Amino acid sequence: MREAVRKIRVQCKINGRAMTIEAYPMARLLDVLREQAGLTGTKEGCGEGECGACSIELDGELVNSCLVPAAQADGASILTIEGVADGVRLSTLQQAFLTHGGAQCGICTPGMILAALNLLARHAQPTESEIREGLAGNLCRCTGYSKIFESVVEACRAMGQRA
Amino acid sequence: MEERQIGKSVPRKEGREKVTGGARYVDDLTFPEMIHGVTVRSSAARGRILGIHFEEGIPWDEFTIVTAKDIPGKNCVALLIEDQPCLADEAVNHPEEAVVLLAHPDKYLLEEARKAVRIEIEPLPAVFTIEESLSRKQVIWGEDNIFKALQVEKGDLDSAWDGAAFIVEGEYETGAQEQLYIEPQGMIARASPAEGVTVWGSLQCPYYVHKALVRLFGLPKERVRVVQTETGGGFGGKEEYPSMIAGHAALLAWKSGKPVKIIYDRAEDMAATTKRHPSRTRHRTGVTPEGKLLAMEIDFTLDGGAYETLSPVVLSRGTIHAAGPYQCPNVRIRSRAIATNAPPHGAFRGFGAPQSVFALERHLDRVASAVGLAPEELRRRNFIREGQTLSVGQVIRERVDMNKLLERALEMSAYHAKRKRFAEENARGAIKRGIGFASFLHGAGFTGSGEEYLASEAMVRVTRDGMVEVLAGSTEMGQGTNTIFGQIAAEALGLECERVEILQPDTSLVPNSGPTVASRTAMIVGKLVETAALAVKKSLADSGFLKAGYGAKEFGNASRQYIEQFGALGSLVKYQHPKDLRWDDGKYQGDAYGAYAWAVYVAEVSVDVRTAEIRIEDFVAVQEVGKVINPVLAAGQIEGGVAQGIGFALYEDVVWQEGRMVNGQMTNYIMPTSMDVPVIRVHFEEIPYERGPAGAKGIGELPLDGTAPAIANAISHATGADIRQIPITPEKLMEMLESVNA
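Protein chains in written order, with our numbering: chain A, 1408 to 1570; chain B, -5 to 736.
Written out as structure tokens, the structure reads:
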């Protein structure tokens, strides 16, 4: 009935930890992370790369993990929401989302924070339009985005003060 | 007393878990031996089921297969009435109706199996529009296709027309809208005759699901348990539909003997679950020579889809809000919710009011133009004031000053200066700018005697180590229930919010606080929490263990001493309906809501007349919602609601084909992105409401009412197009611009 596809061995680094995972080559990286690595912080909102809830960093690049085949993760370094805080200490960005109302229902939040981190890695002090563009691939139905922009701006300010 | 917790932007209680990825939503949970479930749906909009065929090539003996025959109790999704089956048996009435359920450990094989079930249907003629349904050529529900009809009468409308210097008519339409919470719907169930039924899932109303499962399985109440998992947005979409999915997962679990998880993918969620009711509203309005409203005749129709579900209640709210925050001596509103062969339309933030308010506020701009007044001047002359009566005869007893809200909103948006400037600038160039507004009210809590019937309960108790626990059936779905309940209880007890825990809604632990809907959680249930917390404090003070000037430590000691002596420390409070609020359901008259939120929203738009592209340049939202408990969360409610209203006005276009949504993907059903929503400028006027906790009123639904008409009025101002229908997609606007220019 179904062709026998063999699982492959995917060796990668997830949140700084080396991992070896057996997976079908075309399995979605999203499922591999959630079901095999037990990292359920990455969410599925649409399964077609539109909503950004499954955003992660793959070798420093922001990707929708629902569109990435597991085979592509071999040899890669992956960052998910679980790797953003430093132990129990929240990152500046996470703290800003918490203080400034950037998270409501929270389902888009992991992807949104990954997208914002990725944006800040490219622009330390982004303009409003850079923030809007940087987050345009991440849909939020609760906030109307205002408090998310505010959280990003406040995080930049806090990081600037610390530098 | 000085407030220490109320009015403070305390961080979201479950926020830390949400920003770290630690929050557990239903799809994040796994149970030992858990298998997956899927739903096989009808292939026709209406017809008789002739047979169910399982095609070859699938190892069917490995599957758990459930049909209507497997239901132990009554085959219905119990809600107001029991007309909707949990699984269609002999007939189907819409194209997404569930007929067969399948479960298997392998998700991928399950998908193949779903495609290999063929449901043979003999099609019957179906009904897809309000007009077809009202014509009754096909009767598809009851005797006349009408779920509910209402009539509101105030004054003497028939004799009033003679005194009118102007009579203005108009017809307006709004489309279906998908709630589009980013977390799709899902449930996990464990069920067996020995254990009873337990479900965990994404839901707004644990006791709605509980009621439906009790009926479906014919079990005593105590054998059914419903637990809410972290919920990734609801907006009404998880008000009634979760009862269906919970039933499906539980039936599969009952038959297989294993835990079953059903998670909808986005396409299934958009196609099969409820949406905002499409509407048609007709207005006929008589105005005196002085610009005073004299007569309002309103005809309001909602398309309810194939089963009754909540349509009568949605109709009720839409009807009561149809005449707006205006004083008019003669009003008649006739309304009805009708049946079509589409999946049932249901609760969506605003609940009928966004539809009727869109019609009214567009219409009043047209009335103003016919009378020769500025839109703001027409409103000013007709705003309702304290002591005057709404269309349903409710005398306004709360302090209300709509003129002040209007002035504030116009000032914040530089309305007058912009009107003048745009008139000059729009004469040249392809970008036309416009500014428009809407004035509106939104009732908080269940309509009429609804709160009395609900008789909600909430509890506050204290543990031996002085931790305060709030037990309520009200759910957190992003709107801030946990945080504000924490603030309310902490304020009442004179503690910090960190000392208060909100228990996870679980019907085996928490009382029934009514559904988490209707802008009622802060105002109604919050008040119960406040009352219970005050009772706890009084018990401690009366016992002598708690002395004035106490801190958290003394509170903890006093609680321990109290519990050691008396056994337990807590208070369960039940809602008491105020005696002076009266409602007559037969006449449809009386005090429709305990309190209203009042608002004026202003939208500024630019329209590129070459492409009909519309941009929202600025948005000002001014409202009076009583005391604001948490400014950051409250502003977040308004901003998020305005964004959904922008989608309702401009982008969110459900495309129907034979009762089926054919654009059920995020690629072709477009919701606002960060590029589409301007900075929303929110301003609160605060007039404390004596019956709300710390003076708070309801807020959640309000922003959906006024956003779309403010935008439509702005587009009309910019382009001269007479907008009668939303969503105003560029395609539709282009056609209208061609006729304006012709």
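Just so it is clear, CB atoms sit at the ideal spot from N, CA and C, and this is done for glycine as well. Source: prediction; values computed, not measured.
Is it buried or exposed for residue i, if we count other Cβ within 10 angstroms and need 16 for buried?
i         : result
B:Thr303  : buried
B:Pro283  : exposed
B:Pro822  : Since the first residue shown for chain B is -5 and the last is 736, residue 822 of chain B is missing from the structure and cannot be characterised.
B:His277  : buried
B:Asp21   : buried
B:Met665  : buried
B:Gln617  : buried
B:Leu44   : exposed
B:Met(-5) : At B:Met(-5) the pLDDT is 49, less than 50, meaning the model places this residue with poor confidence and gives no usable figure here.
B:Gly545  : exposed
B:Asp574  : exposed
B:Asp459  : exposed
B:His30   : buried
B:Phe560  : exposed
B:Ser153  : exposed
Put residue i into one of helix, strand or coil per three-state DSSP.
i         : result
A:Cys1419 : strand
A:Ser1553 : helix
B:Ile0    : coil
B:Lys726  : helix
B:Glu495  : strand
B:Lys7    : coil
B:Glu106  : helix
B:Gly227  : coil
B:Val71   : coil
B:Lys255  : strand
B:Asn324  : strand
A:Val1470 : strand
B:Met(-5) : Its pLDDT being 49, under 50, B:Met(-5) is placed unreliably in this model, and the value from its coordinates should be taken loosely. In this structure, B:Met(-5) counts as coil in the three-state DSSP scheme.
B:Lys269  : strand
A:Met1408 : Reliability of the predicted coordinates at A:Met1408 is poor, the pLDDT of 44 falling under 50, and no value is obtained from them.
B:Thr661  : coil
B:His677  : strand
B:Ile482  : helix
B:Leu503  : coil
B:Glu114  : strand
B:Glu216  : helix
B:Pro319  : coil
B:Leu95   : strand
List, in order along the chain, the chain D residues whose C-beta lies closer than 8 Å to that of residue i?
i         : result
A:Arg1435 : Within the model displayed, chain D is absent; protein chains A and B are what it includes.
> Do three or more CB pairs link the stretch 664 to 678 of chain B to the stretch 1547 to 1563 of chain A at distances below 8 Å?
Replying inline: Yes: the two stretches touch, three or more of their Cβ pairs being nearer than 8 Å.
> Residues in the stretch 10 to 22 of chain B with C-beta within 9 Å of chain A's C-beta atoms, listed in sequence order?
Replying inline: Residues Arg10, Glu11, Lys12, Val13, Thr14, Gly15, Gly16, Ala17, Arg18, Tyr19, Asp21 and Asp22.
> For the stretch 247 to 273 of chain B, which residues have a CB atom closer than 7 Å to at least one CB atom of chain A, in sequence order?
Replying inline: Look at the stretch 247 to 273 of chain B: the residues with a C-beta under 7 Å from a C-beta of chain A are Asp259 and Arg260.
> For the stretch 1547 to 1567 of chain A, which residues have a CB atom closer than 8 Å to at least one CB atom of chain B, in sequence order?
Replying inline: The stretch 1547 to 1567 of chain A vs chain B, Cβ under 8 Å: Cys1547, Arg1548, Cys1549, Thr1550, Gly1551, Tyr1552, Ser1553, Lys1554, Ile1555 and Phe1556.
>> Quick check for students: name the residue ranges of the alpha helix (DSSP H) that lie wholly in the stretch 148 to 203 of chain B, counting only runs of 4 or more.
In response: Counting whole runs of 4 or more residues, the stretch 148 to 203 of chain B contains the alpha helix (DSSP H) stretches 151 to 154.
> For the stretch 66 to 82 of chain B against the stretch 205 to 216 of chain B, are there 3 or more C-beta pairs whose distance is under 8 Å?
Replying inline: The stretch 66 to 82 of chain B makes contact with the stretch 205 to 216 of chain B, as at least three CB pairs between them are under 8 Å.
> If contact means a Cβ-Cβ distance below 8 Å, which residues of the stretch 1485 to 1499 of chain A contact chain B?
Replying inline: Against chain B - using a Cβ distance shorter than 8 Å - the residues of the stretch 1485 to 1499 of chain A are Thr1487, Ile1488, Glu1489, Val1491, Ala1492 and Leu1497.
>> For the stretch 198 to 226 of chain B, list every residue whose C-beta sits within 8 Å of some C-beta in chain A, in sequence order.
In response: For the stretch 198 to 226 of chain B, the residues whose beta carbon sits under 8 Å from a beta carbon of chain A are, in order, Glu224, Thr225 and Gly226.
> If we count Cβ pairs, one from each stretch, closer than 8 Å, do we get three or more for the stretch 265 to 279 of chain B versus the stretch 142 to 149 of chain B?
Replying inline: Verdict: no, contact absent.
>> Along the stretch 1456 to 1479 of chain A, where does the CB come closer than 7 Å to a CB of chain B? Name the residues.
In response: Residues passing the 7 Å Cβ filter: Glu1457, Cys1458 and Ala1460.
> Per the contact definition of three or more C-beta pairs closer than 8 Å, is the stretch 708 to 725 of chain B in contact with the stretch 623 to 636 of chain B?
Replying inline: Touching, no, given that fewer than three Cβ pairs across the two stretches are closer than 8 Å.
> Between the stretch 121 to 136 of chain B and the stretch 46 to 65 of chain B, do three or more beta carbon pairs fall short of 8 Å?
Replying inline: No: the two stretches stay apart, fewer than three of their Cβ pairs being nearer than 8 Å.
> Taking only runs of the alpha helix (DSSP H) that begin and end inside the stretch 531 to 596 of chain B, which ones reach a length of at least 4 residues, in chain order?
Replying inline: Every unbroken stretch of the alpha helix (DSSP H) spanning 4 or more residues and falling wholly within the stretch 531 to 596 of chain B is given here in chain order: 546 to 560.
> For the 8 Å Cβ check, are there 3 or more pairs between the stretch 1435 to 1444 of chain A and the stretch 1491 to 1510 of chain A?
Replying inline: They do not touch, by the three-pair rule.
> What runs of the beta strand (DSSP E), each 3 residues or longer, lie entirely inside the stretch 427 to 470 of chain B?
Replying inline: Qualifying beta strand (DSSP E) stretches, in chain order: 451 to 456 and 462 to 465.
>> Could you tell me which whole alpha helix (DSSP H) segments of length 4 or greater appear in the stretch 1517 to 1550 of chain A?
In response: For secondary structure counted as the alpha helix (DSSP H) over 4 or more consecutive residues, the stretch 1517 to 1550 of chain A holds these complete runs in sequence order: 1535 to 1541.
>> Counting beta carbon pairs with one atom in the stretch 342 to 350 of chain B and one in the stretch 689 to 698 of chain B, are three or more of them shorter than 8 Å?
In response: In short, these stretches touch, since the Cβ pair count reaches three.
> Fully enclosed by the stretch 9 to 71 of chain B, which beta strand (DSSP E) runs are 3 residues long or longer?
Replying inline: Entirely contained in the stretch 9 to 71 of chain B, the beta strand (DSSP E) runs reaching 3 residues are, in chain order, 29 to 35, 41 to 48 and 58 to 60.
> Is the stretch 593 to 600 of chain B touching the stretch 450 to 462 of chain B, taking contact as three or more C-beta pairs under 8 Å?
Replying inline: The answer is no - the stretch 450 to 462 of chain B does not touch the stretch 593 to 600 of chain B, with fewer than three Cβ pairs under 8 Å.
> What are the residues of the stretch 666 to 677 of chain B that lie near chain A, defined by any Cβ-Cβ distance shorter than 7 Å?
Replying inline: Residues Thr667, Ser668, Met669, Val671, Val673 and Ile674.
> If contact means a Cβ-Cβ distance below 7 Å, which residues of the stretch 167 to 200 of chain B contact chain A?
Replying inline: So the close ones are Leu174, Tyr175, Ile176 and Glu177.
>> Could you check whether the stretch 320 to 331 of chain B touches the stretch 381 to 391 of chain B, counting it as contact only if at least three pairs of C-beta atoms, one from each stretch, sit closer than 8 Å?
In response: In the pairwise beta carbon analysis, the stretch 320 to 331 of chain B is classified as touching the stretch 381 to 391 of chain B: at least three pairs are separated by under 8 Å.
> Below 8 Å, can you find three or more Cβ-Cβ pairs linking the stretch 298 to 315 of chain B to the stretch 99 to 112 of chain B?
Replying inline: The count of Cβ pairs closer than 8 Å, one atom from the stretch 298 to 315 of chain B and one from the stretch 99 to 112 of chain B, stays below three, leaving the stretches out of contact.
>> Within 8 Å, do at least three Cβ pairs link the stretch 474 to 493 of chain B to the stretch 585 to 592 of chain B?
In response: At 8 Å Cβ cutoff, the stretches do not touch.
> Between the stretch 1481 to 1496 of chain A and the stretch 4 to 20 of chain B, are three or more C-beta pairs nearer than 8 Å?
Replying inline: Judged by Cβ distances under 8 Å, the stretch 1481 to 1496 of chain A makes contact with the stretch 4 to 20 of chain B, as three or more pairs qualify.
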